[in-house]
Structure formats: structure tokens, C-alpha cells
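These protein sequence lines map, in sequence, to chains A and B.
According to the numbering used here, the first sequence is numbered sequentially starting from 1.
According to the numbering used here, the second sequence is numbered sequentially starting from 1001.
Just so it is clear, CB atoms sit at the ideal spot from N, CA and C, and this is done for glycine as well.
2 protein chains.
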Amino acid sequence: MAETLTPTALTLKDIAREAGVSLATVDRVLHNRPGVRPDTVRRVQAAIERNAFQPHVAAAELARGRSRRFAFVMPSGPNPFMQQIEAYLGEMSAWLAVRRLNVEMVATDVFDPSVLAASLEALSGDCDGVAVVALDHPSVRAAINDLVDAGTKVVTLVSDVPSSRRHHYVGIDNIAAGRTAGALVGRLAGRKSGKVAIVAGSQGLRDHAERIFGFNQVMASEFPGLSVLPVLEGRDEDDRSEQVLARLLAKHADIVGLYNVGAGTQGVAKALSDAGRDKQVVFVGHDVTVLTRRLLLQGVMDAAISQNPGHEARAAVRVLLALARGEPILREQEKIRIDIVMRDNLP
Amino acid sequence: MAETLTPTALTLKDIAREAGVSLATVDRVLHNRPGVRPDTVRRVQAAIERNAFQPHVAAAELARGRSRRFAFVMPSGPNPFMQQIEAYLGEMSAWLAVRRLNVEMVATDVFDPSVLAASLEALSGDCDGVAVVALDHPSVRAAINDLVDAGTKVVTLVSDVPSSRRHHYVGIDNIAAGRTAGALVGRLAGRKSGKVAIVAGSQGLRDHAERIFGFNQVMASEFPGLSVLPVLEGRDEDDRSEQVLARLLAKHADIVGLYNVGAGTQGVAKALSDAGRDKQVVFVGHDVTVLTRRLLLQGVMDAAISQNPGHEARAAVRVLLALARGEPILREQEKIRIDIVMRDNLP
DNA sequence: CTCAAAATGAGTTGCGTACCTCAAAACGCC
DNA sequence: GGCGTTTTGAGGTACGCAACTCATTTTGAG
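So, in C-alpha cells, the structure goes:
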């Protein structure tokens, strides 16, 4: 009742014999070095395919010798989510050291396309891989493509640039995240009818816009008893979020649900509490931070949509490593799931 | 604005020089081979500590040469959750091949302690690591300890044996899972008062008992309007689950919530539908399978508590590999989270 | 056919470790 | 001091591949 799931090993020598060529030629094909007739290339590749040859990664790494350099290009501001990603990278240091990986953090103004593009261009050459929290803008796209052309592996993190030729996107489906938030607000509000407020950073941000889109989709189709108020823009700042929400709460006594799309959670919570309505309004937000954790435990927040920053950090490194090594990527593993976090399943 | 997170590399030669001994002695210390004076051992270990020496895993692997064998000891029955774990292991085959890992599936009757213990004992010697879905029973505990003593790395999967000396447990906190289910049933039932039913496989199973415990905790403390009916035992079988639940539904017209602790989901759903109450009763169950996915999409099930079988399979392999190599384990990464899955965040 | 250019073979070296042997040195004991 | 034992050093080989050199063969153009 025992079956084995894996094949046995082959070496380059076996491939050379199989293809009827020498080791040197196999090596030339494998690293597409010049000086091999197309016909011979095909023969060697056929032998590799036929035997499902997997180069011995440990040997290759040992022979190549050099350690790899990865760079993480992230926002420079005091964003708790990004800080968590940094923290998790720090926790990986032993894991990274064992694999002779150097990870470098580059803080930059990711909201200024030209600054971000310049930061990316500066990395060209001395980096094997780059993970970037990218703004979707033509000059950023061009910078990414340049890196890719230079042989650097590029992964977009949290926020994608689908039109670029980046190798991979590590982050969630923000429309689905918005839909999930909508379903939660609707269901947790119970049978009540009333109004629902949305506080976002800015509708100009791709991920925020997508979340709002998904949220409205669900509200319109499934919760006709709830009417969504116009989106408030809090610029991800606590003060501003508090002000705009406080004003809205004062105007509408029948608000039963609230969706906070981005950051500024502190201000949103304060506005709710000050109005004395923190227990009546269903409040759904994003990300598990020290703050949202406390709000969930206090019952002020009802649920947080989370995208596990630890997983994102690790996935980004793993994907870059796999890309650099030419290893397969476990897509299922690297996919970032939309977590619903409530009080009892707080991680 | 760029900082590096990782130190630079050292080799055994450096350590030897540092400690004022030869390479051979360092080697003896590193693999605790005999014939080294305690004092010298200390000197070498001090040098290793002092320089935070990390052996070059690739080189070690290459030198050691042998491929590793891991065994997964799993239930033999047609359990969809276990089948998913097997499937994910299959998807990892390329990843496994690259690392020269052989994973063997051993199907056994995990509910018979002596049979399970015998299966484990049989693996002693020719396996570097074992992942086992274990029953918590003295003879199983003894078999696990024997494996550990023989140098095999042991990981318990899904169901733990905390009293054994297993190296790691890969699975969720079942009490917290039960609490989460309770919170969901309570909150999604809204303001209604009424009765809540529980269908379990058997209260003799550790994980089921723990889930029920957590569920009752939350219901008692937070939803006084809801009264929990005595636990039904469906033995994880569809037919039996359907029968017992159908009888209960007939008897109580005011059931507003239902928690299905284990398998037998098909039967539970059928009983609900046949009674024409699938839309009124809040139904929370476990695990995302083909069936529960359909039920969630249809709106019959309201939420599934999930423990990502893919993550568990990969985590088990990664932990075994790290243990075998003597690498650090990323505890945060290997921790299995309690996922709440609703229709819009179906993975 | 000739000759240069292209293609290929044969070989070396080194990566850092594991594992082994054998000789030399240091040690403890009487 | 002499002996046997323990401890240590020195060195080799192997692992599979990358990256290189240089000699040899093959090829195609004239």
C-alpha cells in the first residue's frame, strides 16, 4: 500500500550520453551559450525533455558560487502593513542566510511615478530579483520592462502592474476582497435595512477602486434593503477619515454598516465611538495590525479582510528564488488568499 | 536608504582557523563523532556560535549525496480532505524532485491504534521523516517516540499527539476553530433566538471534541438567546448524519443554526433541503471540498471553517525537510490558520 | 579541393561539505 | 621514562555542476 511520488535522478553526463554529444555541448545548450548548431540544440533538448532531467540545484548553486541579491522596493511612509512585511523579512534572515540570499530594502516614494521608476532603474544590473509595490503608471511599467529585459526577475507586490511584463504578481484579487467585505457587512447587519458608508483612501488608487467596485456589486445584487452612501475619501489618514465620517454619521442616523477600504482605521474607529454607535454599526475593514486586532477584540470592528503580510513577504522571496533558479513555482502555494479574520480566528 | 538584511558567508575552513584546530576536528564536532576532547569541542562550538556559522546547505547536500525519504501515514478510507492532501503532494512532485526528495504514501487504518502503531514501526530505519495523521493513544504515542529515538523526524498532521515527543504539529487549534464556528452561527443568525444543532462524527475524536468545546463556549457566553441541542453523532457518514438530523429537524421547528463538526456534509445538506429549511437555517461546516464549494455557492451553507489542505501538505514537507537538514523552521509560516470561507472568498 | 570559420570534444578547476584513512602528536598511567 | 591510548592533523576522494581553455573535427563557401 505504499507508492512513491517522485522519479529518480539523472546527471548531465547521462543527458550527454543520451544525446550523443559531450558534456561541454550539453552545458552550452543549457546556458544558451553560442556555438552550437540548431540541430544539435534540438537533440540535446529532446534528451532533456525525454528524461525529464532536473538539474541538481544544490550542485549548480555550489558551482555557481555567487550569492543572490534581491531588492524590495517599498513605500517610505509609516504604513503599518508595509512595516509588517519588512518585519517578516527580518524574521526570515536565518532562512535567507542558509540559502545565501541577500535581501535589501529600498524605501522610496511609490506614489511618484518618476521617483519610483528611477529607483527601479538604479537596481538594474546588480540585482537578481526585485519585488516592488508598484503604482500602475507608464513610466513605472517601462522601468519594470527594462529590468526584465536586463535579466532581473520582477515581482509586483500587493499592487499589480498587469500591463508590464513582470514575472509574477503576489497579492490578492481586490475585487473579490471587496465582494467579501460586502457580503460580511450585509450578512452581519442581519435583516436590518438602512444605509452603508464607505471610507476609502482615494478612488484613484487601483486596489481601493477595485475593492469598492466589488463591494457595490454585492450590495446591489444581494442586499437591496441596504443603500450605499457616496464614498468618503480619507486619504488613508486618521484625522481626515475621522472628520469625514463624523460628519456623515451626524447626518444619517440610520447607518447600519461601514466599510473601511484602506488605512486610517484609527480615525474611523474614533468617529464611531465618539458618536456612540460603535456597537450598532457593522464595521468591516482591512488588514490585521496591532490596532485592528484590538478593535476586533473589543467588538468595535466585526471583521477584517486580511492578506497575510507574512505570506506575501515569503511568497515574494520564494517566487524570486524559484524564478532565479529556474525552478517551478507552486502557484497554489504562492497565491495570496483573502482571509476573513474575526475575533476568534485572530492569527 | 538601502540596508542589507543578511550577513556574509563563512566556511568550515574559517571556523577551523578561528578555533585553532584542523578541518577534521571541526567535522568531528559538527557531526558529533567520537574522539574529541570536551575542551576542544567547546572551543569549536564557541567559534561556530561566535561567527554565527551557517553550513552551506547546497554543499552539504551535494556531499551527502543520498536523497531523502519521507512517509505520509494517512487514513485509508475515502476521506475527501485526506485525498486533497494527497493531491497537493502530487502537485509538488517537481518541487520534490528538484530537492531529491521521495515521498511515500502509506494508507492505514488510523482508527485502530495497534494497526497504526505497527505501520509506524515498520517505517523505522528506512525513512528520514514521517508525517502521520495520528490517533492519540498510548501505543501510537510509543510508536512515535520509538521513531524519534531512531533519529526519524516526526510530524503529526491534522490531529496531534501532544504527549508524544513528535517534533512538530501541523494543523489548526481545534478549540479556536469551534469558537469561530460558534461566532459565525451566532452572528449570521442575527438577532433571532432559537435552537442550534450540532452534528459531529463522534465525540470520542479529539479534534471533534475540541471543536464542540469551543463552539459551546462561545454560544454560552455570547449568544444567550440561542440554546444548543445535544450533539448528534453521524460518524462522519452521509446516511447516518442525514437520518439523525432529519429526526431532529422534525422535532424542533425553531432551529436557526447548525454546526457540522466533521464530514457527512452531503447528508446534512440533504436533511436540510428535504425539510425545506436550507435557506432559513444558518449552516456552518468544515473544509472546502467540491461539495462544500457547491453548497456555499448555492447558499445552502453559509460558511466553511477551513484548514487549507494544500498548506498543510506543503508545511509538513517543509518542516520535515528543515528538521532533516537542521535548518530553522519558520514557525509563523508553518502555522496553519483557521480560514473562514464564504461564497465570495472561495479559494 | 582548400581554407577559414564554426562546431564539438576533452579536459581542468573549483565550489563547500561529508566521510574516510593514516600518521603524528599529546596524553595519562605505571 | 616508556608504554599504550586518545586526540589531532593532514590529506584525499567524491558529489554534480559552472565556467573556462584548447585541440580537434566538421562544415560550408569559394
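(request) Examine chain A for any beta-carbon lying closer than 9 Å to the beta-carbon of K1279 (chain B), and answer yes or no. (result) no
(request) Please name the residue, chosen from B:A1303, B:L1330, B:P1328 and B:M1074, that lies closest to L1346 (chain B) on a Cα-to-Cα basis. (result) B:A1303
(message) I'd like to know if N345 (chain A) contacts chain B, where contact means its C-beta is closer than 9 Å to some C-beta of that chain.
(response) yes
(request) Please say whether A150 (chain A) and G125 (chain A) have beta carbons closer to each other than 9 Å? (result) Yes. Within cutoff.
(message) Let's see if you can read the secondary structure: which residues bound the beta strand (DSSP E) around M105 (chain A)?
(response) L101 to T108
(message) Helix, strand or coil, according to DSSP, for H1311 (chain B) in the structure here?
(response) helix
(message) Give me the residue from A:L249, A:V261 and A:G285 with the minimum Cα distance to S273 (chain A).
(response) A:L249
(request) Please state whether DSSP places D283 (chain A) in a helix, a strand or coil. (result) For the record, residue 283 (chain A) in the displayed sequence is Phe; it is not Asp. Three-state DSSP puts F283 (chain A) in a strand.
(message) With distance defined between alpha-carbon atoms, name the residue in B:K1153, B:G1285 and B:R1314 nearest to G1182 (chain B).
(response) B:G1285
(message) If you follow the beta strand (DSSP E) that G1257 (chain B) is in, where does it begin and where does it stop?
(response) I1255 to N1260
(message) Run through chain B and tell me which residues come within less than 9 Å of D339 (chain A), C-beta to C-beta.
(response) R1337, D1339, I1340 and N1345
(message) What does DSSP give as the partner residue(s) for S1227 (chain B) in the beta ladder?
(response) B:K1195
(request) Use the C-beta contact count for K1153 (chain B): other C-beta atoms within 10 angstroms, 16 or more gives buried, fewer gives exposed. (result) Flag for K1153 (chain B) reads buried.
(message) Does chain A have any CB closer than 9 Å to the CB of D1302 (chain B)?
(response) yes
(request) Given a cut-off of 9 Å, decide if V1218 (chain B) and G1262 (chain B) are closer than it, judged by their beta-carbon atoms. (result) no
(message) What residue range does the beta strand (DSSP E) around S1202 (chain B) cover?
(response) That residue, S1202 (chain B), is in no beta strand (DSSP E); it is neither H nor E in DSSP.
(message) Which residues in chain B have a C-beta closer than 9 Å to the C-beta of E121 (chain A)? List them in chain order.
(response) Simply none; closest approach about 14 Å.
(message) Can you check which of these residues, A:N260, A:A275, A:R69 and A:E242, is closest to A253 (chain A) by C-alpha distance?
(response) Residue A:A275 is the option with its Cα nearest to A253 (chain A).
(message) If we require 3 or more residues per run, which beta strand (DSSP E) segments fall completely within the stretch 35-116 of chain A?
(response) 68-75 and 101-108
(request) Would you mind sorting S193 (chain A) into buried or exposed? The rule is 16 or more other CB atoms within 10 Å of its CB. (result) exposed
(message) Distance check for E61 (chain A) and G1214 (chain B), CA to CA, integer angstroms please.
(response) 48 Å
(request) Residues of the stretch 315-338 of chain A with a CB closer than 7 Å to any CB of chain B: list them in chain order, please. (result) E327, P328, L330, E332, Q333, R337 and I338
(message) Counting only Cβ pairs nearer than 7 Å, list the residues of chain A close to E986 (chain B).
(response) Past the edges of chain B, shown from 1001 to 1347, lies residue 986 (chain B), and the structure says nothing about it.
(message) Please report whether the beta-carbon of T180 (chain A) lies at a distance below 9 Å from any beta-carbon of chain B.
(response) Yes, because at least one Cβ of chain B sits closer than 9 Å to the Cβ of T180 (chain A).
(message) Please tell me whether E1091 (chain B) has its Cβ less than 9 Å away from any Cβ of chain A.
(response) yes
(message) Applying the 10 Å Cβ sphere with the 16-neighbour rule, what's the burial state of G310 (chain A)?
(response) buried
(request) Using a threshold of 9 Å, state whether the C-beta atoms of L1116 (chain B) and F1070 (chain B) are closer than that. (result) Annotated as distal: L1116 (chain B) and F1070 (chain B), with beta-carbon spacing of 9 Å or more.
(message) My output table needs one value for I340 (chain A): the three-state DSSP class, helix, strand or coil.
(response) strand
(request) For G1129 (chain B), write down the residues that DSSP places opposite it in a beta bridge. (result) B:F1070 and B:K1153
(request) Sort out for me which residues DSSP pairs H1168 (chain B) with in a bridge. (result) B:V1155
(request) Whole angstroms is fine: what's the gap from N174 (chain A)'s alpha carbon to L120 (chain A)'s? (result) 25 Å
(message) For V1044 (chain B) and V98 (chain A), I'd like the C-alpha separation in whole angstroms.
(response) Rounded to whole angstroms, V1044 (chain B) and V98 (chain A) show a C-alpha spacing of 20 Å.
(request) State whether the stretch 1069-1084 of chain B contacts the stretch 1039-1056 of chain B, with contact taken as three or more CB pairs (one from each stretch) at a distance under 8 Å. (result) No: fewer than three Cβ pairs fall under 8 Å.
(message) Is there a Cβ of chain A sitting closer than 9 Å to that of G1194 (chain B), yes or no?
(response) no
(request) Give the straight-line distance between the Cα atoms of N1308 (chain B) and M82 (chain A), rounded to the nearest whole angstrom. (result) Spanning the two alpha carbons is a distance of roughly 25 Å.
(request) Can you grab the Cα-Cα spacing for the pair L157 (chain A) / G171 (chain A), in whole Å? (result) 6 Å
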